[in-house]
Amino acid sequence: MTKRIEIDIKVPNQTKYLGMIGRIGESLAYSLKGFQGNRRELAYHLNVVLTEALANVMCHANKYDPDKDVKVSISASDHDLIIRVYDQGQGFDIKTLSKLRAKTTDEGGRGIQLIFKLMDQVEYLREGNHNVLEMKKLLT
Amino acid sequence: MQLNMTEQGDIVQISVQEERMDAHNSGDLKEQMLQLFDEGKCNLIVDLSAVRFIDSSGLGALVSGFKNASAREGNLKLCCLQPQVRSMFELTRLHRVFEIFTTNEEATSSF
Numbered sequence: 001m002t003k004r005i006e007i008d009i010k011v012p013n014q015t016k017y018l019g020m021i022g023r024i025g026e027s028l029a030y031s032l033k034g035f036q037g038n039r040r041e042l043a044y045h046l047n048v049v050l051t052e053a054l055a056n057v058m059c060h061a062n063k064y065d066p067d068k069d070v071k072v073s074i075s076a077s078d079h080d081l082i083i084r085v086y087d088q089g090q091g092f093d094i095k096t097l098s099k100l101r102a103k104t105t106d107e108g109g110r111g112i113q114l115i116f117k118l119m120d121q122v123e124y125l126r127e128g129n130h131n132v133l134e135m136k137k138l139l140t
Numbered sequence: 001m002q003l004n005m006t007e008q009g010d011i012v013q014i015s016v017q018e019e020r021m022d023a024h025n026s027g028d029l030k031e032q033m034l035q036l037f038d039e040g041k042c043n044l045i046v047d048l049s050a051v052r053f054i055d056s057s058g059l060g061a062l063v064s065g066f067k068n069a070s071a072r073e074g075n076l077k078l079c080c081l082q083p084q085v086r087s088m089f090e091l092t093r094l095h096r097v098f099e100i101f102t103t104n105e106e107a108t109s110s111f
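Protein sequence lines, in the order shown, are assigned to chains A and B.
Taking my numbering, I'd label the letters of the first sequence as residues 1 to 140.
Taking my numbering, I'd label the letters of the second sequence as residues 1 to 111.
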């Protein structure tokens, strides 16, 4: 049985790091040797999901404060991939957000919807003094 | 964000010279378009040929430009989308909002 890949990342709360984190997600997709699906599509989707989740923390939970940090952990096997993004903001009601649909002329509101569309399971949990957005993708 | 702009008659073509359009740089495009609208330039083509990745912030900036152009009786059209960028418009159904052209020439002649 192949061991899981575990990646822990902490970056300053600055949007210039979004590209770097997205590329880590893409690289991970190409390193999952047992994945039989469309690897290029998976890579792009992981880039999108990581970018959206981190931007949400940087802009909303951390309110663009450059002195704060954002933590992400990624755990992957050939069967599934779990991304956890941590924040210490006020939190939000993910059930309500998951039901909202951005109108075609809305400028915002598509980020969390994209996450729901591209991942198989999405939860927002309170753990100790922080919140965790946990996103799971089945790979088999 | 690096943007190249060219004018042809009353049409302004904005060529986005970035691999990514995300929350880090999309505000620049939005600001640039607002400046053009203030100058009375309301017919825009955004060339995305160099863009490999777009997120909801990038899409939002384009929706902002589209709404502002329409409110001024102009239009904002898109051209030269890479397949994965186009897939993001389809996922969010924005391909039904924008006129999207394969080439710059087609976009220009559609005005």
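By construction, the Cβ of each residue, glycine as well, lies at the ideal position given by its N, Cα and C atoms.
C-alpha of H24(B) to C-alpha of T15(A): approximately 5 Å in a straight line.
For R20(B), the closest Cβ of chain A is nearer than 8 Å. In the DSSP assignment, S56(B) falls within the alpha helix (DSSP H) that extends over S56 to A71. Along the region 58 to 125 of chain A, the beta strand (DSSP E) occurs as fully enclosed runs of 3 or more residues at 69 to 76 and 80 to 87, listed in sequence order. Comparing alpha-carbon positions, the option among M5(B), D47(B) and T92(B) lying closest to D106(A) turns out to be T92(B). Restricted to the region 2 to 55 of chain A, the beta strand (DSSP E) segments that are unbroken, complete and at least 3 residues in length are 5 to 12, listed in chain order. Residue-level contact by beta carbon fails for K77(B) and chain A, as no gap is shorter than 8 Å.
Under the Cβ criterion (8 Å, minimum of three pairs), the region 16 to 25 of chain A does not count as touching the region 117 to 132 of chain A. If you check each beta-carbon in the region 90 to 119 of chain A against every beta-carbon of chain B, the ones closer than 9 Å belong to A102, T104, T105, D106, E107, G108, G109, R110, G111, I112, Q113, L114, K117 and L118.
By DSSP's assignment, F37(B) forms no beta bridge with any residue.
Annotated as proximal: K77(B) and I45(B), with beta-carbon spacing under 8 Å. Taking a cut-off of 8 Å for Cβ pairs, the region 30 to 37 of chain A and the region 51 to 67 of chain A do not touch, as fewer than three such pairs fall below it.
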